[in-house]
Structures are given as structure tokens and as C-alpha cells.
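S.K.:
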Amino acid sequence: YARHPWVVANDRLVALGWSAASSNEEAYVVGHEASPLESISPRRRQELALGVTAGAGAAAAAGAVALVRRARRRRRSA
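In C-alpha cells, the structure reads:
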């Protein structure tokens, strides 16, 4: 396809009597399988995103506390 592309102008095809059997949107819907994330409601998706963000923030805070405690212990022992 890189050497001899199969691209033909739409107006030339229509002039020869061709018509599309389906639209781009219909072809996408038929050929695309929805992921589990796409099948849930937008509200639930937002709740999940907020939960993941809160969890990541809590993990970052816990990591920062652990680093501060480690640094203080090193100063005391030195």
C-alpha cells in the first residue's frame, strides 16, 4: 500500500454509480468493541477517577512521611 496506494476520490466512485452501504459511524460501531470503562456511566467513571486520584495522593503523602521519618532517624543516629 505504501508503494501503490488504493486511494480513489469519492466523487469518481459516485460518478461510476457507487454508493456507500454504511456510514463511517456505523462501520465504527460494528467494528469497535467497547472496553469495560466505556460501558459504565460517566458519573461512575468520574467517581472511579476521583478514587484513584485520592489513593495516589494518599500514597504520595505516606511516602513523604516515610522519607521525613527516615531522614530524622539518620540525623539522630549520626
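This note's numbering applies: residue 5 is where the sequence shown begins, and numbers increase by one. Note that CB positions come from ideal geometry on N, CA and C, so glycine has one too. If you're wondering where the values come from, they're calculated on a predicted model, not measured in any experiment.
Tell me, to the nearest whole angstrom, how far the beta carbon of L41 is from that of R47; I am working on the premise that it is less than 8 angstroms.
M.R.: Mapped onto the sequence shown, residue 41 falls at position 37. Mapped onto the sequence shown, residue 47 falls at position 43. Contact doesn't hold; Cβ gap of about 13 angstroms is too wide.
S.K.: Quick check: V34 and S26, are their CB atoms within less than 9 angstroms of each other?
M.R.: Locating residue 34 in the sequence shown gives position 30, where the first residue counts as 1. Locating residue 26 in the sequence shown gives position 22, where the first residue counts as 1. Closer than 9 angstroms, so yes.
S.K.: Are the CB atoms of L52 and I44 nearer to each other than 9 angstroms?
M.R.: Translated into positions along the sequence shown, residue 52 becomes position 48. Translated into positions along the sequence shown, residue 44 becomes position 40. Result yes, Cβ atoms of L52 and I44 sit closer than 9 angstroms.
S.K.: Between which two residues does the alpha helix (DSSP H) containing A60 stretch?
M.R.: By 1-based counting over the sequence shown, the position of residue 60 is 56. From DSSP, the alpha helix (DSSP H) with A60 extends over P46 to S81.
S.K.: For G21, which three-state DSSP category applies?
M.R.: What you label residue 21 is simply residue 17 of the sequence shown in a count that begins at 1. It is coil, neither helix nor strand.
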